[in-house]
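Okay, so here's the structure we're looking at.
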Amino acid sequence: MSPDPHPLHHEVLAFAEDAAQLLERAGATAPAAPEGTPAIHGGGGVASPPQNTAEGAAAAAIRDEVAVAREGAATVVVVGEKKRGKSSLVNALVEHRDLLPVEVDVATGVHILVRHAEKPHAIAYVDGGQSARPIELDDLTEYAAVDPDSQAPYRGDVHHVEVGIPAQLLSTGLRLIDTPGVGGLVSGHARITMATLHHADALVFVVNGSSELTASELAFLEQATTRIAEVVFVLTQTDKYRSWPSVLERNRELLARHAPRYATAPWYPVSSRAHQDALTALARGDEERAARHMAADGFVPLRSALTSRVALRAAELRLANIVHVGRAGLAPLAAAEERRLRALAQDPTLVDDIQRQRDALRGLQDSDARWRGLLRKATRELERRLRTGFRRNVNDLRQLADARIASLPGAELATALPRDLEAGIEAVWMDLDHATRDGVARLTALMERECGLGEEESFEGLARPDRLTALPPLVRSTHDGDGVLGTVERVVPALSTGALTVAVTAMATSGVLLPLAAGFGMVTLLSRRRRDRDELVRARGDGSRYAQRVISELETEVPPQITQAVDEVGERLAERLGDRITAQRRLLEDELANLQRHARASKEQRDAERERAQRRSAALNGLLRRADDLTHRLGTDPGAVGEPSTSGDRT
26 MSPDPHPLHH
36 EVLAFAEDAA
46 QLLERAGATA
56 PAAPEGTPAI
66 HGGGGVASPP
76 QNTAEGAAAA
86 AIRDEVAVAR
96 EGAATVVVVG
106 EKKRGKSSLV
116 NALVEHRDLL
126 PVEVDVATGV
136 HILVRHAEKP
146 HAIAYVDGGQ
156 SARPIELDDL
166 TEYAAVDPDS
176 QAPYRGDVHH
186 VEVGIPAQLL
196 STGLRLIDTP
206 GVGGLVSGHA
216 RITMATLHHA
226 DALVFVVNGS
236 SELTASELAF
246 LEQATTRIAE
256 VVFVLTQTDK
266 YRSWPSVLER
276 NRELLARHAP
286 RYATAPWYPV
296 SSRAHQDALT
306 ALARGDEERA
316 ARHMAADGFV
326 PLRSALTSRV
336 ALRAAELRLA
346 NIVHVGRAGL
356 APLAAAEERR
366 LRALAQDPTL
376 VDDIQRQRDA
386 LRGLQDSDAR
396 WRGLLRKATR
406 ELERRLRTGF
416 RRNVNDLRQL
426 ADARIASLPG
436 AELATALPRD
446 LEAGIEAVWM
456 DLDHATRDGV
466 ARLTALMERE
476 CGLGEEESFE
486 GLARPDRLTA
496 LPPLVRSTHD
506 GDGVLGTVER
516 VVPALSTGAL
526 TVAVTAMATS
536 GVLLPLAAGF
546 GMVTLLSRRR
556 RDRDELVRAR
566 GDGSRYAQRV
576 ISELETEVPP
586 QITQAVDEVG
596 ERLAERLGDR
606 ITAQRRLLED
616 ELANLQRHAR
626 ASKEQRDAER
636 ERAQRRSAAL
646 NGLLRRADDL
656 THRLGTDPGA
666 VGEPSTSGDR
676 T
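In the numbering used here, the protein residues as written are 26 to 676.
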């Protein structure tokens, strides 16, 4: 990333460092707390390793968020139908002309992630994405593209490819994902693309200036509206299609009708060819010509928008997370110091406050506590939602299979359909995993509100059933009608072979063999067409049976995994909340004991301890004020968004 990706970057990191150091100092002199116990002490204990205390854990959480902010990048998914110029667009954005394959007859078959790196490199992820294999950048076509004739991947074991290059745009905090062109927006790969939008920061939707948005493009965008808000439209090949301004206006009208959420999204007309001409002119030292091409290619406002609309906002969110985690770690310690000061001042109401909190916790420990019933109800509701979403995704997968079976040539079905179904199943799994994580987060937030205790439930993801990790091959049915004799018998089923021979001999002697030969050739042609139709019907039948087998496997294996995952989350959350309630109650008992100790202490002892507590409280409250100020400032737009250009010719 760039050294200063956001105006508040350094200020937030300074706050994080101050907060982490204070928490570590507090943890170093505090007794080790039970797991899940919030801190309420303020020093004076026996030194213990900071990571074993609640304060030490809070400091570690802050440093983890800082690491995410420093290493993280906003994810931009580049989507479009085949031959819309996606790969050329990515190459131009990162200013690496020959990075991704852009041949007319070559389409990418896997997702390609392009991120910033000091040294160029590429990694192919194989075996379902579990194994990484370093490759040469020059070998990207072999690992990422499909054969133009068979439409089968050159390498069938590649899940996705990651490319690292030094690039100015990427260094601002962006990474680009070029999606597969093969199969367009109605393939299994398109379903994976749709599933990735849950985890993306923005969608770049690529069309060209030849014609308005197609039905499949509009259908994709309609679905995308529920998954991602930030969309940037790019209209490519403006040098080739001079009528692009009218196409752009028509596209706006179609979006207003079919995907109104994106009706006001910005459009950026670009010409990758003009950009290449600019780079060529620069290489030749012709800066004036290069400047003319760059002014016309449209990429400057597009890069500016990606930086301001996407990279800067994503950086803002990461910084806000740092402040949130820091404040969450400081607030319990500040509250504890406030209670300590009240105790040292012998506040008569403090005992009542602590006892009231203790009694409330005792009620939460009851077996019939309200939160337990809410948790059971919420887990069952989560399971119902997950099952409903899964069934809808399976229905979509079935529709995908039907559409591919109806549209693919018979010769391609045996290879293309399994690939589409495998990709479709991966998309179903990604959607289910995202929905489960989101549901667990909502469940945890519900319990936090109900119990008044902070809790964070970690969810490692659904375990994918072994039977769904590798699909079986499509079995093609056989028939006995091959060969010349079979053809003859289909052409003239009423004649025996001997009768046909006699007839041909007789016609030869009468001089009519040549016209008959022509007629027989026509019949043979018709027979071939009939045979092709028969083979297509047979291939489609094989495909339908295969799709049903795979989908039945999916419907059998996944629902039990949903039930098991939800049950485990509910049980684990109930156990951790119970432990946290017990620990919190024990700490309140300790506070009551401390009150008695303060009552027995001399005035000099109380004054000395009060002075130390006031210093700690002032430091904590100062950090909390900084956190509140940063939160407020991060909630505003840190920079103006560049306006896209929608006029002017691209040459």
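The C-beta atom is built at its ideal place from N, Cα and C for all residues, glycine as well.
Only a predicted model underlies this, so the values are computations on that prediction, with no experimental measurement involved.
Give the single residue among the options whose Cα lies nearest to the Cα of residue i.
{"i": "residue 225", "options": "201, 236, 237 and 151", "result": "201"}
{"i": "residue 477", "options": "436, 444 and 383", "result": "383"}
{"i": "residue 228", "options": "644, 256 and 368", "result": "256"}
{"i": "residue 287", "options": "318, 298, 252 and 269", "result": "252"}
{"i": "residue 139", "options": "630, 155, 120 and 351", "result": "120"}
{"i": "residue 648", "options": "47, 463 and 32", "result": "47"}
{"i": "residue 101", "options": "137, 405, 171 and 122", "result": "137"}
{"i": "residue 379", "options": "656, 620 and 660", "result": "620"}
{"i": "residue 301", "options": "404, 617, 153 and 118", "result": "118"}
{"i": "residue 570", "options": "279, 442, 308 and 88", "result": "442"}
{"i": "residue 562", "options": "154, 431, 248 and 263", "result": "431"}
{"i": "residue 627", "options": "371, 180, 168 and 657", "result": "371"}
{"i": "residue 218", "options": "564, 104, 377 and 33", "result": "104"}
{"i": "residue 107", "options": "126, 96, 122 and 642", "result": "126"}
{"i": "residue 190", "options": "145, 630 and 267", "result": "145"}
{"i": "residue 433", "options": "564, 415, 362 and 304", "result": "564"}
{"i": "residue 462", "options": "472, 444 and 407", "result": "407"}
{"i": "residue 298", "options": "123, 654, 616 and 177", "result": "123"}
{"i": "residue 447", "options": "270, 578 and 393", "result": "578"}
{"i": "residue 424", "options": "316, 572, 567 and 440", "result": "572"}
{"i": "residue 419", "options": "576, 360 and 410", "result": "576"}
{"i": "residue 643", "options": "303, 110 and 363", "result": "363"}
Determine whether the beta carbon atoms of residue i and residue j lie at a separation below 7 Å.
{"i": "residue 94", "j": "residue 347", "result": "yes"}
{"i": "residue 223", "j": "residue 459", "result": "yes"}
{"i": "residue 452", "j": "residue 216", "result": "yes"}
{"i": "residue 284", "j": "residue 246", "result": "yes"}
{"i": "residue 99", "j": "residue 345", "result": "no"}
{"i": "residue 90", "j": "residue 52", "result": "no"}
{"i": "residue 243", "j": "residue 293", "result": "no"}
{"i": "residue 277", "j": "residue 652", "result": "no"}
{"i": "residue 389", "j": "residue 606", "result": "yes"}
{"i": "residue 375", "j": "residue 634", "result": "no"}
{"i": "residue 199", "j": "residue 336", "result": "yes"}
{"i": "residue 599", "j": "residue 399", "result": "no"}
{"i": "residue 135", "j": "residue 183", "result": "yes"}
{"i": "residue 381", "j": "residue 638", "result": "no"}
{"i": "residue 295", "j": "residue 258", "result": "no"}
{"i": "residue 179", "j": "residue 167", "result": "yes"}
{"i": "residue 197", "j": "residue 169", "result": "no"}
{"i": "residue 711", "j": "residue 275", "result": "Residue 711 lies beyond the residue range present for the chain, which begins at 26 and ends at 676; the question has no answer from this structure."}
Specify, as a first and last residue, the run of the alpha helix (DSSP H) that residue i falls within.
{"i": "residue 677", "result": "The requested residue 677 does not occur in the structure, where the chain is confined to residues 26 to 676."}
{"i": "residue 168", "result": "165-169"}
{"i": "residue 341", "result": "337-369"}
{"i": "residue 272", "result": "269-283"}
{"i": "residue 183", "result": "Segment 183-190 is the beta strand (DSSP E) holding residue 183; no alpha helix (DSSP H) there."}
{"i": "residue 288", "result": "No alpha helix (DSSP H) contains residue 288, which DSSP labels as neither H nor E."}
What is the rounded straight-line gap between the Cα of residue i and the Cα of residue j?
{"i": "residue 354", "j": "residue 646", "result": "12 Å"}
{"i": "residue 113", "j": "residue 438", "result": "30 Å"}
{"i": "residue 322", "j": "residue 333", "result": "20 Å"}
{"i": "residue 558", "j": "residue 435", "result": "9 Å"}
{"i": "residue 39", "j": "residue 611", "result": "35 Å"}
{"i": "residue 396", "j": "residue 239", "result": "51 Å"}
{"i": "residue 130", "j": "residue 231", "result": "Summary for residue 130: the model assigns pLDDT 49, below 50, so the residue's position carries little reliability; its value from the coordinates is reported in the next sentence. One C-alpha to the other measures close to 18 Å."}
{"i": "residue 154", "j": "residue 454", "result": "14 Å"}
{"i": "residue 27", "j": "residue 313", "result": "In this predicted model, residue 27 has a pLDDT of only 45, less than 50, meaning its place in the structure is not dependable; the value taken from the coordinates is given anyway. Approximately 29 Å between the Cα atoms of the pair."}
{"i": "residue 601", "j": "residue 413", "result": "28 Å"}
{"i": "residue 516", "j": "residue 501", "result": "Its pLDDT being 46, under 50, residue 516 is placed unreliably in this model, and the value from its coordinates should be taken loosely. Their Cα atoms are separated by approximately 25 Å."}
{"i": "residue 248", "j": "residue 311", "result": "46 Å"}
{"i": "residue 260", "j": "residue 159", "result": "34 Å"}
{"i": "residue 43", "j": "residue 593", "result": "38 Å"}
How far does the beta strand (DSSP E) with residue i in it reach, from first residue to last?
{"i": "residue 201", "result": "199-203"}
{"i": "residue 156", "result": "156-160"}
{"i": "residue 294", "result": "292-294"}
{"i": "residue 136", "result": "136-141"}
{"i": "residue 147", "result": "146-151"}
{"i": "residue 133", "result": "It is not in any beta strand (DSSP E) - residue 133 carries neither H nor E in the DSSP assignment."}
Discussion item. If we require 4 or more residues per run, which alpha helix (DSSP H) segments fall completely within the segment 204-263?
Written reply: As far as the segment 204-263 is concerned, its whole alpha helix (DSSP H) runs of at least 4 residues are 213-221 and 240-249.
Fill in: Segments of 4+ residues assigned as alpha helix (DSSP H) that fall wholly inside the segment 375-457
395-432
Worksheet item: Could you give the uninterrupted runs of the beta strand (DSSP E) lying entirely in the segment 69-125, keeping only those of 3 residues or more?
Response: Those beta strand (DSSP E) runs which fall completely within the segment 69-125 and span 3+ residues are 99-104.
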